[in-house]
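The numbering of the first sequence is our numbering, which starts it at 67 and goes up by one. Heads up, the beta-carbon is just placed ideally off N, CA and C, and yes, glycines get one too. Model, not experiment: these values are computed from the prediction. Take a look at the structure below.
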Amino acid sequence: MSESEFLEPGIEDTPLEKVRHSTAHIMAQAILRLWPNTQLAFGPTIENGFYYDLKIEDYQISMDDFEKIELEMKKVIKENLKFERSEMSHADALEYFKERNQPFKIDQIEKLNLKSYSIYKQGDFTDLCSGPHVNYTKKCKHFKLLNLSGAYFRADTNNPQLQRIYGTSWDSKENLVKHLFQLEEAKKRDHRKLGQALELFEFHEEAPGCVFWQPNGTTLYEKLSEKSKVFHIKCGYQEVRTPIMFNKKLWEKSGHWEHYKDDMFIINDMDEVSEGRDGTEGPNTMSLKPMNCPSHMLMYKNKKRSYKELPIRFHDKGVLHRNELSGALSGLTRVRQFCQDDAHLFVRNSQIEEEVNKVLAMIKSIYSAFDMPFKFYLSTRNPNKFMGEIEVWDKAEKALEDVLKQGGFEYEITPNDAAFYGPKIDCIVYDSLGRGHQCATTQLDFQLPINFDLTYVDEASNDVRPVVIHRAIYGSFERFIGILIEHYAGNFPTWLAPVQVKVLPISEKVHEYANKVQEELINIDIRSEVDSRSETINMKIRENKMKKIPYLLVLGGKEEEAQTVTFRSREDDSQQTISLEEFKNKIAKENEFSF
RNA sequence: GCUGCUGUGGCUCAGAGGUAGAGCACUUCCUUGGUAAGGAAGAGGUCAUGGGUUCAAUUCCCAUCAGCAGCUCCA
């Protein structure tokens with residue numbers, strides 16, 4: 067690892083990175099001026115900005131201090147100090163930072179243990195840093211402090227916890243404003259807010275991390291589930307249903323008990339409890355499943371398998387429970403109970419490429435349907451953490467890469483990132499604000515077939531070990547819906563919208579006609595409701611508009627007489643009067659959808 | 001789990017050491033209105049939970065729970 071990577075991770079020598087990194091130094095300088103007893107740790111650049119981890123003796127910075135810090139930073143920038151690089155010997159550097167009471171810098175010097183260190187200085191501020199930086203502080207005018215949080219020194223829970231201040235920094239005012247606007251936009255689209263405003267889902271402290279799907283949200287869930295189901299059948303999958311609770315024996319066999327126990331919800335063995343033990347290690351200790359794979363292994367083993375049956379593809383949308391740390395829970399993004407569009411493929415070695423290829427094609431079909439670009443990451447063997455034979459790994463990794471290449475997919479390799487049981491291809495999808503989310507994954511598993519002693523009989527009547535492929539495309543429904551809510555900002559395409567058409571009678575006189583229209587729509591599977599409140603048409607339009615319903619039908623005497631409807635579309639507020647039949651056809655067409 | 005912040009009627013929030021207020025929503029009534037908020041009246045909260053300090057706490061302190069921003073974790 068090069069020195070620069072080690073000193074301040076994430077620094078690249080592009081102008082914007084320099085600006086951001088330099089802004090981090092300026093912030094550190096400002097804070098040191100305001101609170102001289104500040105101990106600095108690391109201050110790297112990150113996407114769109116920077117942070118600095120630090121600790122102030124006897125003081126806890128709050129967001130209220132940001133104005134003060136920004137003001138001081140502006141002073142530093144106005145002074146237009148020069149960033150000057152110099153070198154220090156190991157001994158000098160130690161001495162220097164000792165004098166300045168910077169224990170974290172000293173720790174870093176000792177850890178690096180180099181002959182000489184590069185030092186950056188601007189005015190009265192000096193930092194251990196490999197750079198690079200801009201030449202003058204004036205280049206960092208367009209910044210804003212954004213956020214505050216805790217972070218452990220060197221990201222290790224055993225180390226002291228520091229305060230981390232996040233900021234953003236840009237090369238021009240326009241870019242800064244644009245970025246801040248983006249942040250605002252993202253805030254408006256926050257699925258937790260929209261989930262409430264559009265009545266999609268709710269949470270209760272009686273079931274932390276578990277979603278209550280309201281009728282609208284349930285429609286989203288069901289539609290996604292239904293379309294995915296049809297698609298999976300089309301792609302040769304068989305849907306199965308499996309228990310959610312298993313004896314711990316199963317988890318011992320799969321290896322989850324050893325590796326994943328802390329994240330599992332365990333149901334005590336009451337006999338053990340009555341004997342005074344904690345109930346987690348008895349013969350009748352059970353656990354809610356955190357994954358579907360072991361039950362699919364059992365199903366595979368239910369009978370002798372022939373090579374003629376392979377590949378076998380079990381699709382399972384069973385309920386999973388993972389006991390995530392309380393602090394990790396967040397809206398639909400991180401929950402304790404969820405369902406995946408999960409599947410396990412049992413394949414021969416020679417079928418790996420073809421099957422992975424099919425999976426990637428499915429991923430492409432699905433994400434393209436949502437207008438979401440995506441990118442693949444191939445994770446390869448971690449030499450310190452893998453099981454099985456190197457040759458098998460090498461071959462599998464090559465197979466995966468070949469598939470990516472031949473498919474013409476954009477991909478990167480993340481070395482050493484594979485799970486111990488096999489290499490994998492993760493997929494990052496990008497939403498309409500350009501934010502990436504990890505959803506789909508395709509993982510080869512050489513280990514589970516061994517743990518469960520899976521075999522099939524080949525052409526020569528030999529028992530042969532199959533390979534298992536774990537894969538999911540949406541990932542979890544919960545998280546994927548969260549992403550879609552933000553991606554569409556709640557403006558779901560017609561086929562997915564919980565309510566597709568809202569019928570707005572202008573007065574009670576047309577309620578009968580409104581009900582008739584709604585009934586006809588429902589009869590052809592168009593999700594519609596009548597707003598029969600005694601409110602003005604203005605009010606009805608306003609409120610249903612805010613509910614982001616694709617089509618609002620305004621019905622009055624004129625429409626009733628001519629048996630027409632006047633619809634107002636969500637996208638451009640344009641309106642048009644057409645016959646009820648025409649409207650039905652139009653929406654029915656938009657309602658057609660398949661992957 | 002860790003650090004910090006937050007927790008007031010369904011929602012968004014204001015407020016003060018002496019047992020609470022606004023807007024929206026809700027209920028009732030009037031209004032039957034043609035493209036983004038018609039009008040009036042009313043009901044609703046022991047201020048997350050449990051301790052402590054105090055003559056007195058919802059307001060101060062501690063703990064717990066939940067949420068938020070991160071960290072860590074995500075075989």
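Review point. Once you ignore the five residues that flank ARG86 on each side, which residues in its own chain have a CB closer than 7 Å to its CB?
Key: THR111, GLY115, PHE116 and SER235.
Practice item. Could you tell me if HIS270 is buried or exposed, where buried requires 16 or more neighbouring beta carbons within 10 angstroms of its beta carbon? Key: With a threshold of 16 other beta carbon atoms within 10 Å, HIS270 falls short and is exposed.
Check your understanding: So LYS568 and ASP597 are in contact, right, with Cβ under 8 Å, and what is the actual spacing, rounded?
Key -> Sure, about 6 Å apart at Cβ, within 8 Å.
Exercise for review: Return helix, strand or coil for CYS505, following the three-state DSSP convention.
Suggested key: Of the three classes helix, strand and coil, the one that applies to CYS505 here is strand, per DSSP.
Review point. Which one or two residues does DSSP pair with SER635 in a beta bridge?
Key: Among the bridge pairs identified by DSSP, SER635 is matched with TYR617.
Point to revise | GLU656 and THR560 closer than 9 Å at C-beta | key: Yes, they are a contact pair.
Review point. Name the DSSP bridge partner or partners of CYS493?
Key: Beta-bridge annotation (DSSP): CYS493 is paired with PHE442.
Exercise for review: Starting from the C-beta of ALA654, find all residues in its chain whose C-beta is less than 6 Å away, skip the five residues before and the five after it, and write them out in chain order.
Suggested key: If we look at ALA654 and ignore the five residues flanking it on each side, its Cβ neighbours are ILE590.
Exercise for review: Could you please give the first and the last residue of the uninterrupted alpha helix (DSSP H) stretch that includes ARG258?
Suggested key: The continuous alpha helix (DSSP H) containing ARG258 extends over residues 257–263.
Point to revise | Reduced DSSP secondary structure (H/G/I, E/B, other) of PRO75 | key: Because the pLDDT at PRO75 is just 38, under 50, the model does not fix this residue reliably, and the point stays unresolved.
Check your understanding: Between which two residues does the alpha helix (DSSP H) carrying PRO81 extend?
Key -> Taken as a continuous stretch (DSSP letters only), the alpha helix (DSSP H) holding PRO81 covers 81–100.
Check your understanding: Alpha carbon to alpha carbon, how far is PRO449 from ASP329?
Key -> Their backbone Cα atoms lie some 26 Å apart in a straight line.
Review point. In the structure shown, what three-state DSSP assignment does ASN313 receive?
Key: Shown here, ASN313 sits in a strand according to DSSP, grouped into three states.
Exercise for review: Pick out whichever of ASP638, ARG636, LYS582 and MET612 has its Cα sitting closest to the Cα of LYS650.
Suggested key: Out of ASP638, ARG636, LYS582 and MET612, LYS582 has the C-alpha closest to the C-alpha of LYS650.
Practice item. Run the CB neighbour count on MET428, radius 10 Å, all protein chains shown included, and call it buried at 16 or more, exposed below. Key: Buried.
Exercise for review: Would you check if there are 3 or more beta carbon pairs closer than 8 Å linking the segment 348–364 to the segment 297–304?
Suggested key: Cβ pair count under 8 Å is below three, so no.
Review point. Who pairs with LEU242 in a beta bridge, going by DSSP?
Key: LEU242 pairs with nothing; no bridge assigned.
Practice item. Please report the Cβ distance between THR630 and GLN641, rounded to the nearest whole angstrom; I am assuming they are in contact, meaning their Cβ atoms lie under 8 Å. Key: Actually they do not touch by this definition, with Cβ atoms about 12 Å apart.
**Study point:** Cβ contact check for the segment 515–534 and the segment 404–422: 3 or more pairs under 8 Å
**Key:** The segment 515–534 vs the segment 404–422: in contact.
Review point. ILE122: which of SER155, ARG230 and GLU525 sits nearest, CA to CA?
Key: With distances taken between Cα atoms, ILE122 lies closest to ARG230.
Check your understanding: What span of residues does the beta strand (DSSP E) with GLY233 cover, start to end?
Key -> For GLY233, the uninterrupted beta strand (DSSP E) segment begins and ends at 227–236.
Review point. So what does DSSP say about HIS199, is it helix, strand or coil?
Key: It is coil, neither helix nor strand.
Point to revise | Pairwise C-alpha distance: ILE97 and ALA217 | key: The straight-line gap from Cα to Cα measures roughly 18 Å.
Point to revise | Touch test, the segment 482–493 against the segment 458–467, Cβ-Cβ under 8 Å, three pairs minimum | key: With a cut-off of 8 Å, the segment 458–467 and the segment 482–493 count as touching, because enough Cβ pairs lie within range.
Point to revise | CB-CB length for THR446 against ILE479, believed under 8 Å | key: Contact holds; Cβ gap of about 6 Å.
Check your understanding: Quick one, which of ARG220, TYR232 and PRO198 has its alpha-carbon nearest LEU214's?
Key -> Selected option, being the one with the closest Cα: TYR232.
Review point. Exposed or buried, which one is ILE432 when buried takes at least 16 other CB atoms within 10 Å?
Key: Residue burial annotation: ILE432 is buried, with at least 16 other C-beta atoms found within 10 angstroms of its C-beta.
Exercise for review: Tell me the start and end of each unbroken beta strand (DSSP E) in the segment 508–587 that is at least 3 residues and wholly inside, in chain order.
Suggested key: For secondary structure counted as the beta strand (DSSP E) over 3 or more consecutive residues, the segment 508–587 holds these complete runs in sequence order: 533–542 and 567–571.
Review point. So what does GLN304 bridge to, in DSSP terms?
Key: Under DSSP, GLN304 takes part in a beta bridge, and its partners are PHE380.
Review point. Below 9 Å between beta carbons: does that hold for HIS387 and ILE456?
Key: It is not a contact, given that the beta carbons lie outside the stated cut-off.
Point to revise | Cut-off 7 Å between Cβ atoms - residues of its own chain near TRP323, not counting five sequence neighbours on either side | key: Answer for TRP323: LYS314 and TRP317, listed in chain order.
Exercise for review: Please list the segments of the alpha helix (DSSP H) lying wholly inside the segment 146–208, counting only runs of 4 or more residues, in order along the chain.
Suggested key: If we require 4 residues or more, the alpha helix (DSSP H) runs fully inside the segment 146–208 come out as 156–165 and 169–178.
Check your understanding: With a cut-off of 8 Å, do at least 3 Cβ pairs link the segment 390–402 to the segment 543–563?
Key -> Three or more Cβ pairs drawn from the segment 390–402 and the segment 543–563 lie within less than 8 Å of each other, which places the two stretches in contact.
Check your understanding: Considering only C-alpha positions, which residue in the set GLN584, ILE603 and THR602 is nearest to SER594?
Key -> Of GLN584, ILE603 and THR602, the residue nearest in Cα terms is GLN584.
**Study point:** For PHE436, the three-state DSSP class (helix, strand or coil)
**Key:** DSSP places PHE436 in coil when its eight states are reduced to three.
**Study point:** Top-ranked residue by Cα proximity to LYS575, from GLN174, ILE607, LEU160 and LEU621
**Key:** Residue LEU621 is the option with its Cα nearest to LYS575.
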